[in-house]
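Single-structure report; data block below.
Protein chains: 2
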Amino acid sequence: MPSPKRRQNNRSVALLDAAAQLFAEQGYRATTIRDVTSAVGMGPGSSYYHFKTKADLLLAVYHEGVSRVVESVERRLDAAPDDPWKRLEAAVIGHVEAVLAPSAYARVIVRVLPDDVPEIADALRGAREQYEALWRRLVDDLGIDVDAGLFRLLLLGAANSTQVWFRPGLQSPEQIGAALVTFLREPLEKS
Amino acid sequence: MPSPKRRQNNRSVALLDAAAQLFAEQGYRATTIRDVTSAVGMGPGSSYYHFKTKADLLLAVYHEGVSRVVESVERRLDAAPDDPWKRLEAAVIGHVEAVLAPSAYARVIVRVLPDDVPEIADALRGAREQYEALWRRLVDDLGIDVDAGLFRLLLLGAANSTQVWFRPGLQSPEQIGAALVTFLREPLEKS
DNA sequence: GTCTATAAGGCGATAGAC
DNA sequence: GTCTATCGCCTTATAGAC
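Following this line, the structure appears as structure tokens:
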């Protein structure tokens, strides 16, 4: 007796997983529909039953990517104390965790820029907006006297660069997040 | 009496300028040879007189980009005092200046990753190596007890993200460089 | 739902005129 | 040195069989 409602859309998910992996590794333009379908053992035309265009496939991956980063950050925030700096640290850890996760969805958001796909650039920016609003709140809650937008993007710029140099076993997301926030916190609290 | 040796290769330079602009804006794969030639008012085939392949064109832009960032950083270092933290700050300012310069060459190094063009990935990494060695020295001279490679890539990751959020008039490269290095310096010197 | 075959167009690169 | 014309290939996307 197999579970009744599961796996209703299993092949769509397989396509999304493969697309996320390839988009994150090679970028959007360098990845072909044939790359994606052959990675899941399908014929070249079969992707179009599930996703109308290649851009639609990217957009679906993008939404899933944002959703996974938000989940990862909020999971950490739920377990964090009330102190706003501790909450910021928790969020950074959640972000780094998502970017370094085995699943490639979060990395697509970092690797593929809205300008890479002009036809859906606005939709991609909209998907990011939800996540950036979360960070705006976290930084605002610090009550520090710096340009909050500047601070936020500096923080995420640094955090995103972790995927360039991270080596498993040498640093954990917790260590990276704590180090980053400590770097930022101490000089700011003095001024 | 016009200068005799000048402008010997004026059209190659025009192609390089246009390619740098387009590679920085759209990425490598999304930019076509036709985009580049038509930006300088040439026919589609004429690029191949100056550059054998599209990848060769990128490599030339890349070398020029590295050369310009190195020049910008060394110009700042020549005017900096002996203190290693002041020298690091000067270097960050020089880097940010190059990335935010009107000329697009430096931005190509940030935007186009070696993995984007597998056929010349090693050559692109080699071009970056010269620049990264410069930073390795600067960080080593600090004599601090952190993973120097980690520290360097975190610094450059943050500095490179400036091109995402920088708005002229709000922050100068000097302010960004000073803020970044102050962020990093104070907590490290305590430990 | 997935297949194969193919349409329609864009790409990098070449050839030969000028 | 630059032009126009074109080759050969690969791409996204579609059509119709199964």
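Protein sequence lines, in the order shown, are assigned to chains X and V.
Just so you know, the first sequence maps onto residues 0 to 190 in numbering that gives the first Met the number 0.
Just so you know, the second sequence maps onto residues 0 to 190 in numbering that gives the first Met the number 0.
The beta carbon of each residue, even a glycine, is placed where N, CA and C say it ideally should be.
- By the Cβ criterion, the stretch 18 to 26 of chain V is not in contact with the stretch 127 to 139 of chain X, since fewer than three pairs of Cβ atoms, one from each stretch, lie closer than 8 Å.
- Contacts with chain X at 9 Å (Cβ-Cβ) include V/Asp115.
- Residue contact with chain X for V/Arg33: absent (no Cβ-Cβ distance below 9 Å to any residue of chain X).
- For the pair V/Asp140 and V/Asp81, the Cα-to-Cα distance works out to about 11 Å.
- Residues of the stretch 119 to 130 of chain X whose Cβ lies closer than 7 Å to any Cβ of chain V: none.
- Fewer than three Cβ pairs drawn from the stretch 85 to 102 of chain X and the stretch 44 to 60 of chain X lie within less than 8 Å of each other, which leaves the two stretches out of contact.
- For the options X/Leu153, X/Val107, X/Gly142, X/Val98, the alpha carbon positioned closest to that of X/Ser171 is the one of X/Val98.
- For a cut-off of 8 Å, the C-beta gap from X/Ala79 to X/Ala89 is around 4 Å, short enough to register as a contact.
- Taken in chain order, the members of the stretch 19 to 48 of chain X whose beta-carbon sits within less than 9 Å of a beta-carbon on chain V are Glu24, Gln25, Gly26, Tyr27, Arg28, Ala29.
- Chain order gives no chain V residues near X/Ala147, where near means a beta carbon separation below 7 Å; the closest approach is about 11 Å.
- By the neighbour-count criterion, in which a residue is buried when 16 or more other Cβ atoms sit within 10 angstroms of its Cβ, X/Thr31 is exposed.
- Looking at X/Asp34, X/Leu137, X/Leu58, the one whose alpha-carbon comes closest to that of X/Glu73 is X/Leu137.
- Counting of Cβ neighbours within 10 angstroms places X/Gly176 among the buried residues, the total reaching 16 or more.
- By the neighbour-count definition (other C-beta atoms within 10 Å, threshold 16), V/Asp115 is a buried residue.
- Remark: C-beta atoms of X/Leu57 and X/Ala18 approach each other more closely than 9 Å.
- The C-beta of X/Gly142 comes no closer than 9 Å to any C-beta of chain V.
- Around the C-beta of V/Gly40, fewer than 16 other C-beta atoms lie within 10 Å, and the residue is accordingly described as exposed.
- The DSSP-derived three-state label of X/Ser71 is helix.
- Close to X/Gly156, with beta-carbon spacing below 9 Å, are these residues of chain V in chain order: Gly156, Ala157, Ala158, Asn159, Ser160, Thr161, Val163, Trp164.
- Using a 10 angstroms sphere on the CB of V/Gly44, the tally of other CB atoms stays under 16, which defines it as exposed.
- Counting along the chain, X/Tyr48 sits inside the alpha helix (DSSP H) bounded by residues 46 to 49.
- In the structure shown, the three-state DSSP call for X/Gly142 is coil.
- The beta-carbon separation of V/Ala126 and V/Val65, rounded to 5 Å, stays under the 8 Å limit for a contact.
- Under the three-state reduction of DSSP, X/Leu179 is assigned to helix.
- Contacts with chain X at 9 Å (Cβ-Cβ) include V/Leu179.
- Interface flag for X/Leu57 against chain V is unset, since no Cβ pair is found closer than 9 Å.
- An exposed status is given to X/Arg124, since fewer than 16 other beta-carbon atoms sit within 10 Å of its beta-carbon.
- A distance below 6 Å between beta-carbons, with the five flanking residues on each side excluded, links X/Asn159 to the following residues of its chain, in chain order: Val109.
- Between the C-alpha atoms of X/Thr36 and X/Leu15 there is a straight-line separation of about 10 Å.
- Here DSSP, grouped into helix, strand and coil, assigns X/Leu76 to helix.
- Distances from the CA of V/Tyr27 to each of X/Val111, X/Val107, X/Asn8, X/Tyr61 were compared; the closest alpha carbon is that of X/Val111.
- Just measuring C-alpha positions, the residue of V/Glu173, V/Leu76, V/Leu87 sitting nearest V/Ile143 is V/Leu87.
- In this structure, DSSP gives V/Gln170 a state outside helix and strand, which the three-state scheme calls coil.
- With a 10 Å radius around the Cβ and a threshold of 16 neighbouring Cβ atoms, V/Ala178 comes out buried.
- Nearest C-alpha to X/Glu63 among X/Val107, X/Ser46, X/Leu76, X/Asp34: X/Val107.
- Annotation: V/Ser11 to X/Gly42 spans about 44 Å, alpha carbon to alpha carbon.
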